[in-house]
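Structure first, commentary second.
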Amino acid sequence: MPKVIYRRVKRLLSRPLTLLVVPPKGAKTKTVSMPFWLAVCSCLTILVFITGCTWSYYSAWRARSDQEELAKLRQVNQQHQEELVSLRQEAVEAKSYLEEVRDLDQRVREKVGIEIEEKGSSSYSSRASGTSTRTPRLFWKSDSKEESLTSHEVSRSISEVCRESVEVCQTLQTLESDVDAHYAYLASLPDHWPANGRITSHFGNRKSPFGGGRIEFHDGLDLAADYGAPITAAGDGVVTFTGYRSGYGRTVVISHRLSGYRTSYCHLSKSLVKQGERVSKGQKIALAGSTGRSTGPHLHFMVEKHGVLVDPLSVLK
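Quick note on our numbering: the sequence shown kicks off at 14 and runs consecutively.
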C-alpha cells in the first residue's frame, strides 16, 4: 500500500504543469510549462515569504505600539511622582501650620487660664475662629467601603487643611495680641496699694489738719507710713517726673498710658527711680517721708484719669 501511494505521488509531481498566458489583443499567447513539484514549491515559497513579511510588519507595529504605551506609562508615572512630591510638600506645610496652631492655642490657653483637655472637648481654636471642627475625609477613618481618593482629592484635602490652619492661626494670633493688650492694660491699671499703712485722710473735702477749723479740698489719699518705709508703683508705667514740688515735697509722678491714668507719690524722703524709667506694678520706687507741707511721715497718693483728679479708692483693689 505505501508503495502504491509513493508511486502516485511521484507520478503527480513529475507531471508537467502548463500555464497559458493570454496577453492583450494583438499579442501572441504564451505558454509556460514547469514540473508540478516546482509549481508547488514556488507557491509555498511565495506563501512563506508573504507570511514572513506580514509577521514582520505585525511584530514591528506591535513593538512600536508597546513602546508608545510604555512611553505613556512612563509619562503618567512621572506625573504621579511629581504629584507625590507636591503632596509631600503640602503635607509638611500642613503639619507646620497645625503645629503653629497647636502652639498658639496652648499659649492663649495659658494666658487666659483655660485648662488644656486631652479628650472629649472641641478645639478652643475652632471655637475662637468660628470654623468647623470637621476634618477633610482624607484624615478620618470610616467603616464604610469608600473609593480610594485621587491625588487631586488628596491635594484638595491638604489644601483645605492648610487654609483652615492659616485662618485659625491668624485668629489665634489676633486673640493672643488682644490678650497681651488686655494684660498690659490690667498691668498699667494703678490698682496696687502703694503703701501698707492705714488710711489717715480720704479724698475730698476735709477739715484742715493745720488748724483753723477751715474746710479744704484734699486731692488725694493719705496713707500712714513710717519714715523710710518702701513706696511701690501702683501700676506699670513710665516715670515722668521726680523732684521737689511746692507743698507736696519730694514727688514721683508715673504715667500709666495704656489705662489713661497718672499717679503721684508725695512727701517722700527719697526717690529710687529716674525720669523716663519704666517701672512695674509693685516695684519699689521711693521711701516714705515728711517733705513739703506735712504733719508727719506718710504718703500722699493722687490719681488722675485723663487729666482729671479721681478718688484713689475708686481704682485701688
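All C-beta atoms, glycine included, are put in the ideal place defined by N, C-alpha and C.
Do A237 and G210 have their CB atoms nearer than 8 Å?
-> Taking the sequence shown and counting its residues from 1, the one referred to as residue 237 is at position 224. Taking the sequence shown and counting its residues from 1, the one referred to as residue 210 is at position 197. Yes. Within cutoff.
When the Cα atoms are used, what is the spatial distance from L86 to T67?
-> For the purposes of this step, residue 86 is taken as residue 73 along the sequence shown, with counting starting at 1. For the purposes of this step, residue 67 is taken as residue 54 along the sequence shown, with counting starting at 1. Looking at the two C-alpha atoms, the distance is approximately 28 Å.
What's the gap between the Cα of K124 and the Cα of V192?
-> In the sequence shown, the residue the question calls residue 124 occupies position 111. In the sequence shown, the residue the question calls residue 192 occupies position 179. Here the C-alpha atom of K124 lies approximately 7 Å from the C-alpha atom of V192.
Spell out the partners DSSP gives D204 in its beta bridges.
-> For the purposes of this step, residue 204 is taken as the residue at position 191 of the sequence shown. None, per the DSSP bridge assignment.
Between the CA atoms of D232 and H319 - distance to the nearest angstrom | Taking the sequence shown and counting its residues from 1, one reaches residue 319 at position 306. Taking the sequence shown and counting its residues from 1, one reaches residue 232 at position 219. The C-alpha of H319 lies about 15 Å from the C-alpha of D232.
Separation of F314 from A247, as counted between CA atoms = As a first step, residue 247 is located in the sequence shown; it is residue number 234 there, counting from the start. As a first step, residue 314 is located in the sequence shown; it is residue number 301 there, counting from the start. Answer to the nearest angstrom: the Cα atoms are 10 Å apart.
Are three or more beta carbon pairs between the region 268 to 284 and the region 223 to 230 nearer than 8 Å?
-> no
What span of residues does the alpha helix (DSSP H) with K108 cover, start to end?
-> Against the sequence shown, residue 108 aligns to sequence position 95. Counting along the chain, the alpha helix (DSSP H) containing K108 begins and ends at F49 to V125.
First and last residue of the uninterrupted beta strand (DSSP E) at F230 = Translated into the one-based positions of the sequence shown, residue 230 becomes position 217. Note, F230: beta strand (DSSP E), I228 to H231.
Measure the alpha-carbon distance for L234 versus L188 and round it to whole angstroms.
-> Position 221 of the sequence shown, counted from the start, is the residue given in the question as residue 234. Position 175 of the sequence shown, counted from the start, is the residue given in the question as residue 188. So the two alpha carbons sit approximately 38 Å from each other.
Do the CB positions of T255 and Q288 come within less than 8 Å of each other?
-> The residue given as residue 255 occupies position 242 in the sequence shown. The residue given as residue 288 occupies position 275 in the sequence shown. Contact flag set, yes.
Based on the DSSP output, what are the partners of S46 in its beta bridges?
-> In the sequence shown, residue 46 corresponds to position 33, counting from 1. Its beta-bridge partners are T31.
Should the region 201 to 210 be called in touch with the region 173 to 186, which here means at least 3 C-beta pairs below 8 Å?
-> No, they do not touch.
Could you tell me how far apart the beta carbons of D239 and S293 are, in whole angstroms, since I believe they sit closer than 8 Å?
-> Along the sequence shown, one-based indexing puts residue 239 at 226. Along the sequence shown, one-based indexing puts residue 293 at 280. Not quite, the Cβ-Cβ distance comes to about 24 Å (not below 8 Å), so this is no contact.
Alpha carbon to alpha carbon, how far is E160 from L97?
-> Here residue 160 is taken as the residue at index 147 of the sequence shown, counted from 1. Here residue 97 is taken as the residue at index 84 of the sequence shown, counted from 1. The predicted position of E160 is uncertain, since its pLDDT is 43 and thus under 50; no value can be drawn from it.
First through last residue of the beta strand (DSSP E) which encompasses S307 = In the sequence shown, the residue the question calls residue 307 occupies position 294. Per DSSP, S307 belongs to no beta strand (DSSP E) and is neither H nor E.
Look at the alpha carbon of L117 and the alpha carbon of A104, and state the distance between them as a whole number of angstroms.
-> Counting from one through the sequence shown, the residue named residue 117 turns up at place 104. Counting from one through the sequence shown, the residue named residue 104 turns up at place 91. Looking at the two C-alpha atoms, the distance is approximately 20 Å.
Buried versus exposed call for L185 [16 or more other C-beta atoms within 10 Å across all chains shown] | By 1-based counting over the sequence shown, the position of residue 185 is 172. Buried: at least 16 other Cβ atoms inside 10 Å.
Can you tell me whether DSSP reads D239 as helix, strand or coil?
-> By 1-based counting over the sequence shown, the position of residue 239 is 226. Correct three-state label for D239: coil.
Compare the C-beta of R176 against all C-beta atoms of chain C and say whether one is closer than 8 Å.
-> Reference to chain C is not applicable here, since this structure consists of a single protein chain.
Taking S259 as the reference, which of S214, T213, N218 and R306 has the closest Cα?
-> By 1-based counting over the sequence shown, the position of residue 259 is 246. Minimum Cα distance to S259 is reached at R306.
Compare the beta carbon distance of T213 and H280 with 8 Å and say whether it is the shorter of the two.
-> Here residue 213 corresponds to residue number 200 of the sequence shown, with the count starting at 1. Here residue 280 corresponds to residue number 267 of the sequence shown, with the count starting at 1. Result no, Cβ atoms of T213 and H280 do not sit closer than 8 Å.
Between the Cα of T31 and those of M47, K16 and K38, spot the shortest distance and give me the residue it belongs to.
-> Within the sequence shown, residue 31 is the residue found at index 18, counting from 1. Answer by Cα proximity: M47.
Status (buried if at least 16 other CB within 10 Å, exposed otherwise) for P29 | The residue given as residue 29 occupies position 16 in the sequence shown. Exposed, since its Cβ has fewer than 16 Cβ neighbours within 10 Å.
Note down the Cα distance separating T146 from E177, rounded to an integer number of angstroms.
-> As a working note, residue 146 is residue 133 in the sequence shown. As a working note, residue 177 is residue 164 in the sequence shown. Its pLDDT being 42, under 50, T146 is placed unreliably by the model, and the measurement read from it follows with that caveat. Approximately 10 Å between the Cα atoms of the pair.
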